[in-house]
Amino acid sequence: MTTTRAASAASKNAGTPARHVDPMRRQQAVAAWVLALPFMALFLVFTAGPVLASLGMSFTDIRSTDVQNPFSVEFLGLSNYTELLGDPLFRKVTFNTFLYLLLGVPFTMAVALAVAVGLNRIQRLKGFFRVGFYLPVVTSIVAVSVVWKFLLRDDGGLVNTMIGWFGVDGPAWLDSTSSALPTLVVMAVWRNFGTLMVIFLAALQTVPREIVEAAESDGATAWARFRYLTLPMLRPTLLFGAVITSIGYLQFFEEAYVMTKGGPLDSTRSITFFTFDQWGYGNYGYASAAAYLLFIAIMLLTALQFRLLREKD
Amino acid sequence: MTQTMTPAAAPQTPPTTTPGKPPKSREGYYLRTPRWLYAVMAGGLVVVVIPFVWMVVSSFKPEAEVRSVPPTWWPETVTTENYQQLFTQLDFPTFFMNSTIVAVTVAAGNMVFCSMLGYALAKLHFPGKKLVFALVLGTLMIPGVVVFIPLFVLTTNLGLANSLPGMILPFLAGPFGVFLMRQYILALPDELIQAARVDGAGELRIFFSVILPLCGPAVATLGVLTFLTSWNNFLWPLVIATEESKYTLPVALALYAVGQNATKYGLLLAGSVVVVLPVLVVFLVLQRRIMQGIAMTGIK
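Protein chains in written order, with numbering that gives the first Met the number 0: chain A, 0 to 312; chain B, 0 to 299.
Pasting the structure below:
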C-alpha cells in the first residue's frame with residue numbers, strides 16, 4: 000500500500016509543467032542517491048553480501064581452516080541440508096525451537112492482551128502502569144537471565160521460597176529436562192510482553208467508545224463485548240503481533256545460553272544455539288545451512304502474515 | 000509553483016459524535032473503572048518489578064548471605080564488596096566504556112544515515128526507489144544468526160576482528176531507523192520543500208537546513224531506541240570479541256555467568272545491576288519518546 004501511495008504521488012508530480020520536470024528530476028535523483036549512499040554502502044557490505052555468502056557457504060564444506068585458502072572448499076550441493084535433516088541433534092533443536100514458539104507466542108499474546116485491556120479500562124495512573132509493565136523490555140536479556148537464574152534456585156531462590164508459603168515444594172526448575180524449557184518461556188514472556196502490550200493498547204484506543212457503550216446499553220456482557228466487538232476489530236493487530244512474536248521466539252538463544260547452557264541434555268538448545276555451536280566447532284558450511292533453514296521459516300511466516308492481512312482487506 | 004498545492008477536495012470528515020447526544024453518558028456507567036482492576040494491575044506490576052528489586056537488594060549482600068536458605072529479605076550486612084570486586088579486580092570499567100562507545104556510535108550513525116535515506120524515500124523521486132524501500136523492509140526480517148558467520152570472516156579479513164569498529168560497523172545504519180524516519184517525514188508538508196526549491200535551495204541543502212531541523216523528536220527517539228538495542232546486543236559482540244579488553248557488558252556478564260564465576264551470585268547480580276540500571280534510568284527519563292517510537296513503527 001505504501002508503493003501505491005508513492006506511485007500516485009509520482010503521477011501527481013508528473014502533471015507539473017513539462018519545462019520544469021527534467022532538470023529538477025535529475026537533481027532530485029542525484030540528491031536522493033547521495034542521501035542513500037551511506038546506508039546502501041553499509042547495507043551491501045554488511046548485510047546483502049553476508050546474506051548471499053551465507054547461502055553460498057551452506058552448499059559447501061567450508062570450515063574455519065579454509066578461510067585462508069578458499070580453493071580447498073568443495074561444492075556439496077544440498078548435502079548439508081540433507082545431513083541436517085538426519086542429524087538427531089538438529090531435529091532435537093528444531094523441536095525445541097517450535098516448542099518455544101508454540102508455548103511462548105500464545106502465552107505472550109494472552110498476557111499482553113489482558114494487560115492492555117486492563118490499561119485501556121483504567122483512567123488514573125495509566126502512564127505509570129504502562130511504563131512499569133514495559134520495564135523488562137528495555138533490559139539486557141543476559142542480565143535478566145542472570146537475575147532469573149538466581150530467582151529460580153532450588154534452595155533459597157525467591158520463587159521456591161514464595162511458593163513454599165503455600166506448602167508447595169518447588170523443583171529445581173532449570174535442572175530437569177521437562178521443566179527447563181517451559182521455565183525459560185515464562186521468563187521470556189515476562190521479558191517480552193511489554194512490546195505487544197503497547198501495540199495492543201494503541202489499537203484498543205482506536206475502538207470507538209460509542210459502539211462499546213451502545214452494546215453495553217443493549218445488554219451485552221463484558222465478555223460478549225470483548226469477544227464480538229473488540230477482538231474482531233483487533234484482528235490485524237493481533238496477527239501482526241503474532242508474527243513479530245513468532246519471529247522473536249524462532250531466534251531464541253540468549254536466555255538458554257546464560258541460564259541452562261542449552262541443557263539439561265540439550266532440552267533447551269535452540270536452532271540459533273545449534274548454529275552458534277557449529278560456528279564454534281568451525282563447521283561454517285553446516286552452520287550456514289542450519290541458519291538458512293531458520294531464515295526460510297521466518298520468511299514463510301512473514302509471507303503468511305501478508306497473505307492473511309490481504310484477505311481481510 | 001503553487002499549482003501542486005491542490006486544495007484538499009476530500010469531503011470534510013464526518014462528525015464523529017452525534018450532535019444531540021447527552022453529555023451525561025461521558026461520565027456515566029461505562030467509564031466507571033472498577034476498584035478491583037486497580038488492585039489487579041498493581042499486583043501484576045509487583046510481579047513484573049520484583050526481579051529488579053531483588054537484583055538490587057541482593058547485590059548489596061555479602062556472598063554468604065546471598066546464598067542463605069531461607070533468603071534474607073533485607074541485607075543483614077549492607078556491603079559494596081561485590082561492586083568493588085567488579086570495578087577493581089575485574090575489568091568492568093573497560094567493559095562499561097566499550098559498551099558506551101559502541102552504543103553511542105551506533106546511535107549517532109543511525110540518527111544521521113537513517114534520516115538521510117528516510118527523507119529520500121519519503122519525499123524525493125528517484126530511479127530505484129521502490130527497490131531500495133523493498134530492501135529496507137526485507138532487511139527488517141533478516142535474523143542476526145543468518146549473517147554472523149560470513150560477517151565474522153569478512154571482519155577478520157578486514158583486520159577488524161576483536162575491535163570496536165568491527166562491533167560497530169555492521170549496525171551503523173539499520174532498516175528500523177530508515178522505516179521510522181520515513182514514516183515521520185512522510186507526514187511533513189510537501190509545501191515546505193516546494194517553497195525552499197522556489198527560494199533556490201539545492202536538494203541537499205533542503206534536507207539539512209529545512210527537513211532535519213524539523214525531525215528533532217523522531218531523530219531523538221531513534222537515537223534512544225538504537226542506543227538501547229546496541230547496549231543490550233549480545234550475539235555479534237560475543238562472536239567478535241575474543242579478548243577481554245574488547246568485551247561489552249553483556250558479553251562479560253554472560254561469560255562470567257557460564258564460566259568459573261557461575262556460582263558467585265553476589266558478583267553476578269552486581270554485574271546485572273551495572274548492565275540494567277543505566278538503561279532503566281534512560282528509559283524512565285525518556286519513556287514518552289520511546290513509547291511513541293514503538294507506536295509509530297508498530298501500528299502505522
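The beta-carbon is built from N, C-alpha and C at its ideal position, and this holds for glycine as well.
Treat the numbers as computed from the prediction; the structure is a model and nothing was measured.
Taking 7 Å as the CB-CB limit, is P277 of chain B close to chain A?
-> no
Could you tell me which uninterrupted beta strand (DSSP E) segments, each at least 3 residues in length, are contained entirely in the segment 156–233 of chain A, listed from first to last along the chain?
-> none
Going by Cα to Cα distance, which pick from B:K263, B:M140 and B:G117 is closest to I210 of chain B?
-> B:G117
Does the distance from the C-beta atom of P50 of chain B to that of V167 of chain A stay below 7 Å?
-> no
Answer with yes or no whether the minimum CB distance from N81 of chain B to chain A is below 7 Å.
-> no
Who are the near neighbours of V278 of chain B in its chain, counting only those whose CB is closer than 8 Å to its CB and skipping five residues on each side?
-> L227, W230 and N231
Starting from Q259 of chain B and walking both ways along the alpha helix (DSSP H), at which residues does that stretch end?
-> No alpha helix (DSSP H) holds Q259 of chain B; DSSP gives it neither H nor E.
Under 7 Å (Cβ pairs) to chain B, residues found in the segment 97–122 of chain A | V114, G117, R120, I121 and Q122
Does L179 of chain B come within less than 7 Å of chain A when only Cβ atoms are used?
-> no
So which residues of chain A does R66 of chain B contact, with C-beta pairs closer than 7 Å?
-> G155
Return yes when the Cβ of F125 of chain B is within less than 7 Å of the Cβ of A28 of chain A, no when it is not.
-> yes
Taking DSSP as the reference, what is the three-state secondary structure of F86 of chain B?
-> helix
Inter-residue spacing [alpha-carbon to alpha-carbon] between F170 of chain B and T225 of chain B = 9 Å
Give the straight-line distance between the Cα atoms of V144 of chain B and T271 of chain A, rounded to the nearest whole angstrom.
-> 6 Å
Identify the residues that DSSP records as bridge partners of F74 of chain A: which are they?
-> A:T59
Within the 7 Å Cβ cut-off, does L43 of chain A reach chain B?
-> no
Determine the closest residue to V131 of chain B out of A:F42, A:E254, A:G261 and A:W278, with distance taken between C-alpha atoms.
-> A:F42
Give the single residue among B:L153, B:Y255, B:I192 and B:P236 whose Cα lies nearest to the Cα of Q67 of chain A.
-> B:L153
Specify, as a first and last residue, the run of the alpha helix (DSSP H) that W278 of chain A falls within.
-> I270 to Y280
Could you give the distance in angstroms between the alpha-carbon of E26 of chain B and the alpha-carbon of P33 of chain B?
-> Confidence at E26 of chain B is low in this model, with a pLDDT of 42, below 50, so the placement of that residue is unreliable and no value is reported for it.
Compile a chain-ordered list of the residues in the segment 290–303 of chain A whose CB is closer than 9 Å to at least one CB of chain B.
-> A290, Y291, L293, F294, I297, M298, L300 and T301
For I289 of chain A, count neighbouring C-beta atoms within 10 Å of its own C-beta (all shown protein chains included) and say buried if the count is 16 or more, exposed if not.
-> The residue asked about is misnamed: residue 289 of chain A is Ala in this sequence, not Ile. Classification of A289 of chain A: buried, given that the 10 Å Cβ count is 16 or more.
Use the C-beta contact count for S114 of chain B: other C-beta atoms within 10 angstroms, 16 or more gives buried, fewer gives exposed.
-> buried
Beta carbon of D217 of chain A, beta carbon of K91 of chain A: below 7 Å?
-> no
So which residues on chain B does Y283 of chain A lean against when the C-beta distance must stay under 7 Å?
-> I148
With a CB to CB cut of under 7 Å and the five nearest residues on each side skipped, what residues in its chain are close to L150 of chain A?
-> G156, L157 and V158
Using a C-beta to C-beta distance shorter than 9 Å, which residues of chain B count as neighbours of F58 of chain A?
-> By Cβ distance, chain B contributes nothing, its closest Cβ being about 13 Å from F58 of chain A, past 9 Å.
Beta-carbon separation of Y283 of chain A and S57 of chain A under 7 Å?
-> no
At least 3 beta-carbon pairs within less than 8 Å: the segment 188–200 of chain A vs the segment 239–250 of chain A = yes
Go through its chain and collect everything with a Cβ distance to Y28 of chain B's Cβ below 8 Å, but skip five positions before and after it.
-> Any reading at Y28 of chain B needs caution, since the residue's pLDDT is 47, under 50, leaving its predicted position unreliable; the model's value is listed next. Cβ neighbours of Y28 of chain B beyond the five flanking positions: none.
Contact set for V141 of chain A: own chain, Cβ-Cβ below 7 Å, skip 5 residues either direction | E253 and V257
Please confirm if E82 of chain A has its CB atom under 7 Å from at least one CB of chain B.
-> no
Cβ contact check for the segment 157–175 of chain B and the segment 235–244 of chain B: 3 or more pairs under 8 Å = yes
Name the chain B residues whose beta carbon is nearer than 7 Å to that of E253 of chain A?
-> F233
Identify, in the order they occur along the chain, each residue of the same chain with its Cβ nearer than 7 Å to the Cβ of T274 of chain A, setting aside the five sequence neighbours on each side.
-> A286, A289 and A290
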